[in-house]
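Peer 1: Residue numbering for the sequence shown follows the working numbering, starting at 328 and increasing by one per position. Glycine included, each C-beta is placed from N, C-alpha and C at the ideal position. Everything numeric in this text was worked out from a predicted model, so none of it was measured.
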Amino acid sequence: MHSLLKPRQIHSSIFDINLMSLWNQGYQNIIIDVDNTMTAWNRYITTPKLKNWALIAKDIGFRICLLSNSNQSKVKQFALDLGVISSPVGGKPFPRAFRSALSALGASVKNTLVIGDQIFTDILGGNRIGLYTILVDPIDKREFIGTKLSRLMEQLVAGRRYVCKSHRQPR
Ligand SMILES: [Mg+2]
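#1: Find the nearest neighbour of PRO465 within the set LEU458, VAL484, THR474, judged by alpha-carbon distance.
#2: Is the beta carbon of LEU331 less than 8 Å from the beta carbon of LEU451?
#3: Between the C-alpha atoms of ASN345 and SER435, what's the straight-line distance to the nearest angstrom?
#4: Return yes when at least one heavy atom of ligand 1 lies under 7 Å from the C-beta of THR364, else no.
#5: Does DSSP put GLY458 in a helix, a strand or coil?
#6: Strictly by DSSP, which residues pair up with TRP337?
#7: Return the residue from the list GLU481, PHE421, GLN404 that minimises the CA-CA distance to GLY453.
#8: For ligand 1, is there any heavy atom lying closer than 7 Å to the beta carbon of GLN399?
#9: If you check the beta carbons only, do ILE358 and LEU462 fall under 8 Å apart?
#10: I need the boundaries of the beta strand (DSSP E) containing THR439, first residue and last residue.
#11: Which residue spans inside the stretch 378-427 form an unbroken alpha helix (DSSP H) run of at least 4?
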């Protein structure tokens, strides 16, 4: 069980992920969380920096599918603004959520990455079906009340140490 909670990579933000290196290892698809991974919780704003990230990923060749447990119509609009697709259903960490994203991408388990900020949804769900998982720090401390409880569990069960940007110690 414990290994299912471990991501393959950990980064401060999506901007720190070396996409080219992952592409060179054979990964071609990205399933990515929205709230607190791409944008602050419940703030669906596509900044130029985020749009540029999506453009770079697509230029490399990656296909991107947003997978969120939030309001699906908001997520769909966010995906349209970014020029990517979104999964028709949420429901992380259950396998059907990830399988629906894989099928929307026309992707296989072997060539797909999962990027997200939550261990018990993004990482656990991705690991359960054998996807390559990447954990990022949450963008904002503000989040859904249910997520706050999950954060406590992440620290207790998975030993996660939080380094939110506003609280990051100087290196
Ligand atoms: Mg999230």
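Peer 2: In brief:
#1: Of the candidates LEU458, VAL484, THR474, the one whose C-alpha sits nearest the C-alpha of PRO465 is THR474.
#2: yes
#3: For ASN345 and SER435, the distance between alpha carbons rounds to 21 Å.
#4: yes
#5: The sequence shown places Leu at residue 458, rather than the Gly named in the question. Here LEU458 sits in coil by DSSP.
#6: Before going on, a small fix: residue 337 reads as Ile here, not Trp. For ILE337, which the question treats as bridged, DSSP gives the partners LEU462.
#7: Closest option to GLY453, Cα to Cα, is PHE421.
#8: no
#9: no
#10: 439-443
#11: 399-409
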